[in-house]
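Numbering (the numbering used here), first residue to last: 4 to 562.
Virtual Cβ for every residue (Gly too), placed ideally from N, Cα, C.
No experiment lies behind these values; they were computed from the predicted model shown.
Following: one structure in structure tokens, then a few remarks.
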């Protein structure tokens, strides 16, 4: 008994002076025995929590949740490899609480702090090997999908050693900067592509091939729904492709024959008529209504199916037909009494520019009514350049006629370019009047009667036509036999005897030159020259006794 008391007293003193620190208060015999301070290894096989060890010295139950020391009751249970480690490997001193529980306090960081110091994030206490790398990457926001699942760690984590896993960022460009910069088809830098690879590429694919390009700036739909980028992007520079239709479809435009876009002068902006639907149809040339003729509105809407219905010459779309639908005799009947009406395509358009019968154009209601030969001509002869601003001056249409006229030569004669001063609208420029003829030669009497028969005097030469009588009447002078003007030696100045009214009556200065017959007692006593001049071939021969006969004359002269 005294020994036991002494031992207990010693134990109490020992507890008070425990080398394990003040916080560890428990029966020494829970771990130690009287044979020494060494603790048998088997006493610490606490991994089997249900095993019961009884202290041989004190009888205290070891490894109990209520008595003795149990490492599982601490914040650091001994599991895995820790169960096999000697206490001193972790506890350098007998004050056990001084030992840190974080991994890095015992384990050298072979990763050089590249992944932090919490070993347990990747490793377990069983061994250092890792078999849940995909889960680790998922936890870090970068799941290993597609091509990434087949890579080795050093393909991405290219540190100084194979164990240096510096974070490289979850952005694609962190690893693929070189891929981005070296890509030439297309050249990502020149094209200004996003450096966020997943905008176009899928991380689940093993190749860079993609159909996920954001092409919203030029929607790849309908006829543009193509998978081969090179059909539009013919070079490695994807930025040099313009979005206007013609840059890709110039060949389509130039080879179109129904209709021939080039010959028809169509716009090169395909979208004006076409949608992106395949096959270029349906096509709507809506500008036709505004620029030419309403076919998508008004009475012609739905009355046609193809361009060739109206434009019969597929090589020249300025040619069109109206009368293929608006046939005779109905059309003639409908236009009965309409001035200027002719059954002709251009005339239809000229009068019915909107295609409607109401409000049709009436030329006779304008300042230029259609009369004479103007009634039946094709509108295009005057309106080749349109209908607005067309001059009503004759010469603006008939300059060639004016300059080409040779009978007379209008230009050389300086004739007025006001055609209406001489001509009417009747065909062939006839009849024609020359009201200013008096400025050149006064037309009176018989000359007035032939004023419209210019060739009678001018014979095609209007510049050199003489104004003296004999210039025109030499034949009359030479052929006159009663009296024979030439033999008698009459003056060739016809006006000295004749007026313009007619050759007869005529006057001759017989009184002044020869003998008074227009005055005195012989005035009115004769009717023809032959009354006195009996020899018509010799007017120097004359007779008096044909009137002054005998015996009266002898009687009057008796004595």
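Contact between the region 475–492 and the region 536–543 is present, with at least three C-beta pairs closer than 8 Å. Residue 24 is positioned such that its CB atom lies closer than 8 Å to that of residue 98.
Excluding sequence positions up to five before and after residue 346, its CB lies within less than 7 Å of the CB of 326, 331, 334, 335, all in the same chain and listed in chain order. Between the C-alpha atoms of residue 402 and residue 377 there is a straight-line separation of about 16 Å. Contact check for residue 320 against residue 329 fails: the beta carbons are separated by 8 Å or more. Between the alpha carbons of residue 186 and residue 134 lies a distance of about 35 Å. Look at residue 435 here: in three-state DSSP terms it is strand.
Non-local C-beta neighbours of residue 340 in its own chain, meaning closer than 7 Å and more than five positions away in sequence, are absent. For the pair residue 113 and residue 206, the Cα-to-Cα distance works out to about 31 Å. Secondary structure at residue 409: strand, using DSSP grouped into helix, strand and coil. Counting only runs of at least 4 residues, the region 296–351 fully encloses the following alpha helix (DSSP H) elements, listed from N- to C-terminal order: 333–337. Counting along the chain, the unbroken alpha helix (DSSP H) around residue 192 starts and ends at 191–194.
Only buried fits residue 426, as 16 or more other CB atoms lie within 10 angstroms of its CB.
Per DSSP, residue 157 is one residue of the alpha helix (DSSP H) stretching across 156–159.
Selection 412, 405, 416, 409 evaluated against residue 422 yields 405 as nearest (Cα-Cα). Straight through space, the alpha carbons of residue 142 and residue 123 are spaced by roughly 14 Å. The beta-carbon separation of residue 350 and residue 382, rounded to 5 Å, stays under the 8 Å limit for a contact.
In this structure residue 298 is buried. Its beta-carbon is surrounded by 16 or more other beta-carbon atoms within 10 angstroms.
For residue 454, same chain residues with a beta-carbon under 6 Å away, outside a window of 5 residues either side, are 446 in chain order.
In the assembly as shown, residue 560 is an exposed residue. Its beta-carbon has fewer than 16 other beta-carbons within 10 Å.
With respect to the 8 Å criterion, residue 171 and residue 184 are not classified as neighbours on the basis of their beta carbons. When secondary structure is reduced to three states using DSSP, residue 286 falls in the strand class. Between residue 145 and residue 173 the beta-carbon gap is near 5 Å, inside 8 Å, which marks them as a contact. Going by DSSP, residue 480 is part of the alpha helix (DSSP H) stretching over 472–482. Excluding the 5 residues flanking it on each side, residue 363 has same chain C-beta neighbours closer than 7 Å at 354, 355, in chain order. Looking at the backbone, the Cα of residue 543 and that of residue 491 are separated by about 7 Å.
Shown here, residue 524 sits in a helix according to DSSP, grouped into three states.
Here the alpha carbons of residue 230 and residue 294 stand approximately 38 Å from one another. Taking all protein chains in view, the Cβ of residue 262 is crowded by 16 or more other Cβ atoms within 10 Å, so the residue is classified as buried.
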